[in-house]
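Report on the structure given below.
In my numbering, the protein residues as written are 299 to 484.
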């Protein structure tokens with residue numbers, strides 16, 4: 299099925315292009331979301347008349363998205379989840395969780411704007427893409443941890459912390475304290 303794109307669609311084309319897509323993709327995604335219209339002679343003439351208006355609206359949305367992107371770039375958010383001692387989550391972190399965390403941090407985002415390439419099923423730091431406009435995207439860091447203290451440690455170390463790491467740190471602190479008291483006594 300041939301359609302006229304009304305906005306830039308990733309991996310498909312730019313606004314105004316006539317592209318051939320599968321009928322199901324057009325009926326279920328492009329047409330209902332007003333990202334495209336059927337490529338008929340009547341629609342081509344309608345599009346040519348509205349092209350200047352559509353480009354102006356697209357340019358305005360892009361400027362707004364770039365303004366927001368300037369504020370949001372390199373933002374880091376913390377998502378608290380329960381996990382096993384090995385660092386494997388009980389469940390996974392979804393786009394809704396990330397969007398809620400960004401909204402709580404003061405950046406209004408929708409879950410459809412967050413893109414997770416691979417499922418997040420472990421503790422740690424993850425770089426995710428947030429698409430604010432078809433032509434504007436940013437990278438945010440999501441810190442998945444069991445608690446706020448653990449999130450701070452992960453941010454300092456730059457990676458996942460397991461329960462074994464926390465025990466090692468506690469043993470190290472105990473050893474340092476014992477050594478300090480022995481030196482005071484001796």
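Don't be surprised by glycine CBs; every beta carbon is placed ideally from N, CA and C.
Evaluate residue i with the Cβ neighbour count: other Cβ atoms within 10 Å of its Cβ, from every protein chain shown; 16 or more gives buried, anything less gives exposed.
i           : result
residue 473 : Note that residue 473 scores a pLDDT of 49, beneath 50, so its modelled location is shaky; the value from the coordinates is reported in the next line. Looking at its Cβ environment, which holds fewer than 16 other Cβ atoms inside 10 Å, residue 473 is exposed.
residue 305 : buried
residue 344 : exposed
In whole angstroms, what separates the C-alpha of residue i from that of residue j?
i           : j           : result
residue 374 : residue 358 : 27 angstroms
residue 364 : residue 372 : 14 angstroms
residue 434 : residue 382 : 37 angstroms
residue 450 : residue 325 : 46 angstroms
residue 459 : residue 393 : 23 angstroms
residue 389 : residue 419 : 7 angstroms
residue 352 : residue 386 : 47 angstroms
residue 396 : residue 438 : 10 angstroms
residue 403 : residue 413 : 18 angstroms
Using a Cβ-Cβ cut-off of 6 angstroms (strictly less than) and excluding sequence neighbours within five positions of residue i, which residues of its own chain qualify?
i           : result
residue 308 : none
residue 436 : 367, 370, 371, 428
residue 318 : 300
Quick one: what's got a C-beta closer than 7 angstroms to residue i's C-beta in the same chain, skipping five residues either side?
i           : result
residue 248 : Since the displayed the chain opens at 299 and closes at 484, residue 248 lies outside it and no answer follows.
residue 457 : 422, 423
DSSP puts residue i in a beta bridge; with which residues?
i           : result
residue 372 : Looking at the DSSP assignment, residue 372 forms no beta bridge with any residue, so it has no partner.
residue 485 : Since the first residue shown for the chain is 299 and the last is 484, residue 485 is missing from the structure and cannot be characterised.
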